[in-house]
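Taken in order, these protein sequences are the chains called A and B.
Residues 13 to 629 (the working numbering) make up the first sequence, in order.
Residues 43 to 234 (the working numbering) make up the second sequence, in order.
Beta carbons are placed, not taken as given, at the ideal position from N, Cα and C, and that holds for glycine.
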Amino acid sequence: MFTRRHLLRTAAAGSVMTASAALLPAWARSANAGNTGIFESRGTAFDLTIGHSAVNIAGHTGHAITLNGTLPGPLIRFREGEKVTLKVNNTLDEDTSIHWHGLLVPFHMDGVPGISFPGIKPKSSFTYEFAVPQSGTYWYHSHSGLQEQQGHYAPLIIDPADADPVQADREYVLVLSDWSFEHPHKVYARLKKDAAVYNFQQRTVGDFVRDARDNGLGPTLSDRASWGAMRMSPTDISDVTAAAYTYLINGHATEDNWTAIFNSGERIRLRIINASAMTIFNFRIPGLPMTVVAADGLHVQPVETDEFQIGVAETYDVLVTPTRARAFALVAESMERSGQVVATLAPETGLVATAPLLREPPVLTHRDMGMDMSSMDHGSMAGMDHGSMAGMDHGSMTISDPVAQTHDHRMGVGVDNVAMVRVSRIDEPGLGLESVPHRALSYSQLRSLVSNPDTRAPGREMEIHLTGNMERYMWSFDGVKLSEITSPIIFHEGERLRVTLVNDTMMTHPIHLHGMFFDLVVDNTDHKPRKHTVIVKPAERLSFDVTADHVGDWAFHCHLLFHMHAGMMQVVSVLPRGASDIADTGHTADAPAPAQPSEERAQPYVQVDKQHEGHRR
Amino acid sequence: MKLSHLIIAAAFGFSAAPALALESNNMAAEMDHSGACGLPMGEGKVAGLDVKASKVTLNHGPIAALGWDAMAMDFKVAKGIDLSAFAEGDRVHILFVEDTKSASYRIEAICALDASEGLYEACMGKMHETAMAITAKSGKACEMSGMDHGSMPEMDHSAMKSMDHSQMPGMKTDQATKPSETEKISGDHSQH
């Protein structure tokens, strides 16, 4: 057992990071600080203190908002069905909150200020209590301000009440995150002024010459001309890149060499959580295939792959069985490939895995713009895509755009037969992974391990468009940002409906629905993968079926923190039975176009907390 | 693994080149094709690698397609290959492509032979796709039954080796492979 004296001695002998690594919670420590991947501590009562801390990130000191003083925060682990009590003490001068991501808690315990509760006021406490009927890998984080970017996140594991179908000799939690030394409000202010401010991978003369050589001068000129006419960049993949971020695994940057140890032939379970604010990662272990056994906390039928894209707030559990006794690199590369973080999986401490080179940045194509004519079914797409393209050319995607109301697919009973429209991208792996020389996971490969609890056909279909004005960094659903919505999205308790997300933007959005799991429509199976967060690719049309059995007001938003902050959020109200006289007027085909916002408007539906605005730090 | 080998073997079987058929039976170990779409392949063991410089030192076996004996050589690897997936001592299968700039060969695709079944199959599949993409880019077709060649010209090349490229206007010749003595093909190339 490691004693404090031993830790301090090793800290003195080792690097600066080792010293502060010793202060990390046990689950986040590197192997040379004692983490051997076997930990079973569970509890039912937890105390969490949220406060300011100085943290050491890659040798520099940063200012973080932490849970119990560490970044990431402590692992909360309990058993399925057990009642847990979590007392949260807010020592900050501003409101805070904790949202238990993916947990089916009673809605007033969901932790979203303005929607589920008023937030935890400064210098006060709030006690969460719940018992949840689920198990798996989840996480928890602040839903106030931009605190999640500042370190307010941590993992949460719920052990199954019965035997776990996944058996492993060791398990490690990998929390992937992005750290910014700049205050997040400064980052947001920059993005508002210039959405491409962090994009240092713009195309230059060198790229032009290379493309002209590979594809010919004519095609290259017309390609540059078409993007130029739209005033858009095909390398605009992530808003915030490694220019602002240091990527971390368990709070360790690459130079800190977080290490997990194994014995040859052992089965190791990796619980991978993307707890970042704005970064979609591509995760791989070069030379070691992974078997995906769970997605978003719920078990899936095992599928072997070599790489997967993990969106913000998603979780994946994978099993690896390294047979060769060498160091493997655990690589989390950001989707736009401006940076990566590498950790080591090795048979002993002291080894450093060879980090791979960053790969070529992906480039958006006309398919991502929704202009892939070759695959468009003009009969059904005429009303939609052309409307959205016109809107994009004018540089504004907000309310004037009629896209949300001109869908021309059927809505109503019999939606079983709606064919996958050609712009479905569910069987494509993540952006940039189409051309890697190994297997890459796509959502269409996932199947739930157990049969879906509700296999009814959806009674109605609702279409929600992901919209935005990239130039002005305005983001919304159906063109209406959160502070201007006039009514929530209404579900009725007990109903089964299909939600189709149409991404009218050129960015990849991980969309999260609180309070329930939805069944991703990958095909006509009754083993649809159940998730709480799904990545919607540019110009993608993606559907999920959901049973609204959890009454309450639930947040529904893009989990890219700055997009949510800009207004890409809505409220899904699951109305209890008997409240069916409240009609849902906002999302039917024959509803009028949403009203233009005027200066004097009705009290907004959601009281958005403006307390933190105006900070300049 | 076996299916793709069958397809390739069948493709070569279609050719009017008994020498080639002999070639494919001659190869040691499980890899029994001397090339994919005419690009040379070989086997070897990783003796050293430099991820930053994208170089690997290989102890490779004899590669008849290039007239090479077994030896240890340094190779540059193509962009996109993740060398960190390999370690010293790995037995690997390699696809070579001629690098006209340095008048040598670089590794275009590399697969670990001792990798797990799924990883190996996926890797070999991608290797063949890479070979097809390269030959398509240089204007040649790669006759392999059962594979979709949507964008490839409808040419029946009995074999890619020892073609007389001077008869083919407009084709890049930097993908040419050096024929070995045993592979004089007597196919009819007059259709080009």
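How many Å lie between E150 (chain B) and H544 (chain A) at the Cα?
-> Whole-angstrom Cα-Cα distance: 40 Å.
For T151 (chain B), decide whether its Cβ has a neighbour in chain A, counting only Cβ atoms nearer than 9 Å.
-> Residue identity check: residue 151 (chain B) is Ala in the sequence provided, not Thr. Chain A, which has a Cβ nearer than 9 Å to the Cβ of A151 (chain B), makes this yes.
Alpha carbon to alpha carbon, how far is V563 (chain A) from I285 (chain A)?
-> C-alpha separation (whole angstroms): 27 Å.
Residues of chain A with a CB under 7 Å from the CB of F128 (chain B): which are they?
-> Residues of chain A with a Cβ closer than 7 Å to the Cβ of F128 (chain B) are, in chain order, G299.
Going by C-alpha distance, which of B:S126, B:D111, B:E159, B:A173 is nearest E235 (chain B)?
-> Given a span of 43 to 234 for chain B in the structure shown, any question on residue 235 (chain B) remains unanswerable.
Say whether chain B places a C-beta atom closer than 9 Å to the C-beta of R281 (chain A).
-> False, the Cβ-Cβ gap to chain B never drops below 9 Å.
Tell whether a beta-carbon distance below 9 Å holds between I249 (chain A) and L376 (chain A).
-> Yes, they are a contact pair.
Go to Y455 (chain A), then tell me how far its alpha helix (DSSP H) extends in each direction, as first and last residue.
-> Y455 (chain A) -> no alpha helix (DSSP H), and no H or E assigned at all.
Of the listed residues A:P541, A:D107, A:Q159, A:P373, nearest to L445 (chain A) (C-alpha basis) = Nearest C-alpha to L445 (chain A): A:P373.
Quick one: what does DSSP say G564 (chain A) is sitting in, helix, strand or coil?
-> Of the three classes helix, strand and coil, the one that applies to G564 (chain A) here is strand, per DSSP.
Candidates A:P301, A:A287, A:T253, A:V100, of which the one nearest G160 (chain B) by Cα | Among A:P301, A:A287, A:T253, A:V100, the Cα nearest to that of G160 (chain B) is on A:P301.
What three-state label does DSSP hand E475 (chain A) in the structure shown?
-> Secondary structure of E475 (chain A) (DSSP, three-state): strand.
Among residues of its own chain, excluding the 5 on either side of L363 (chain A), which ones have a beta-carbon nearer than 7 Å to its beta-carbon?
-> Here the set comprises A339, T356.
Out of A:T327, A:T108, A:H539, point me to the one whose CA is closest to W151 (chain A)'s CA.
-> The shortest Cα separation from W151 (chain A) among A:T327, A:T108, A:H539 belongs to A:T327.
Any idea which residues DSSP pairs W151 (chain A) with across the strands?
-> For W151 (chain A), which the question treats as bridged, DSSP gives the partners A:H113, A:P167.
Would you mind telling me which residues of chain B sit closer than 7 Å to R451 (chain A), beta carbon to beta carbon, in chain order?
-> Think of a sphere of 7 Å around the beta carbon of R451 (chain A): the chain B residues whose beta carbon falls inside it are A164, in chain order.
Whole angstroms is fine: what's the gap from L100 (chain B)'s alpha carbon to V134 (chain B)'s?
-> Taking the straight line from one Cα to the other gives about 9 Å.
Kindly indicate if chain B contains any beta-carbon less than 9 Å away from that of R54 (chain A).
-> So, not an interface residue.
With a cut-off of 8 Å on the beta carbons, I'd call V462 (chain A) and L513 (chain A) a contact; round off their distance for me.
-> In fact, because the Cβ distance is near 25 Å, the residues do not count as touching under 8 Å.
Answer yes or no: does any C-beta atom of chain A fall closer than 9 Å to that of I123 (chain B)?
-> Interface residue, yes.
Look up A173 (chain B) in the DSSP assignment and say whether it is helix, strand or coil.
-> Helix.
Would S193 (chain B) count as contacting chain A if we go by Cβ distances under 9 Å?
-> Any reading at S193 (chain B) must be qualified, since the residue scores a pLDDT of 41, below 50, and its modelled position is unreliable; the value itself is stated next. It does not; no Cβ of chain A falls within 9 Å.
From this set, A:N101, A:A175, A:P465, A:R41, which residue's C-alpha is nearest R4 (chain A)'s C-alpha?
-> Absent from the model: residue 4 (chain A). The displayed extent of chain A is 13 to 629, so no value can be given.
Under 9 Å between the Cβ atoms of F138 (chain B) and P82 (chain B)?
-> Going by C-beta atoms, F138 (chain B) is nearer than 9 Å to P82 (chain B).
Just tell me which of A:L35, A:N44, A:A469, A:A40 has its CA closest to the CA of A358 (chain A).
-> The alpha carbon of A358 (chain A) has as its nearest neighbour, out of A:L35, A:N44, A:A469, A:A40, the alpha carbon of A:N44.
Cβ shell of S126 (chain B) (< 7 Å), same chain only, five flanking positions each side left out | Sequence-distant partners of S126 (chain B) (beyond 5 residues in either direction) whose C-beta falls short of 7 Å from its own C-beta, in its chain, are V93.
Would you list the residues sitting across from A95 (chain A) in a DSSP beta bridge?
-> The question names Ala, yet the displayed sequence has Lys at residue 95 (chain A). Per DSSP, A:A143.
Can you name, in chain order, every residue of its own chain whose Cβ lies under 7 Å from the Cβ of H577 (chain A), other than the five neighbours on each side?
-> Answer for H577 (chain A): L158, Y200, listed in chain order.
For the region 311 to 330 of chain A and the region 451 to 458 of chain A, state whether three or more C-beta atom pairs, one from each stretch, are separated by less than 8 Å.
-> Judged by Cβ distances under 8 Å, the region 311 to 330 of chain A makes contact with the region 451 to 458 of chain A, as three or more pairs qualify.
Which residues in the same chain have their Cβ closer than 8 Å to the Cβ of W239 (chain A), if we skip the five residues on either side of it in sequence?
-> The answer, listed in chain order, is S245, P246.
Name the chain B residues that come within less than 7 Å of R338 (chain A), Cβ to Cβ?
-> Result: A129.
Mind checking whether L186 (chain A) and M528 (chain A) have CB atoms under 9 Å apart?
-> The answer is no: Cβ separation not under 9 Å.
Exposure of R243 (chain A), with buried meaning 16 or more beta-carbon neighbours within 10 Å = R243 (chain A) should be labelled exposed.
Check whether the region 106 to 126 of chain A touches the region 190 to 205 of chain A, taking contact to mean three or more Cβ pairs, one atom from each stretch, closer than 8 Å.
-> Using a Cβ-Cβ distance cut-off of 8 Å, the region 106 to 126 of chain A and the region 190 to 205 of chain A are not in contact, since fewer than three pairs of beta carbons, one from each stretch, lie closer than that value.
Endpoints, the alpha helix (DSSP H) within which R215 (chain A) is located = Element bounds for R215 (chain A): n/a, residue is neither H nor E.
S346 (chain A) CB to nearest chain B CB: under 9 Å?
-> By the rule that beta-carbons nearer than 9 Å mark a contact, S346 (chain A) does not touch chain B.
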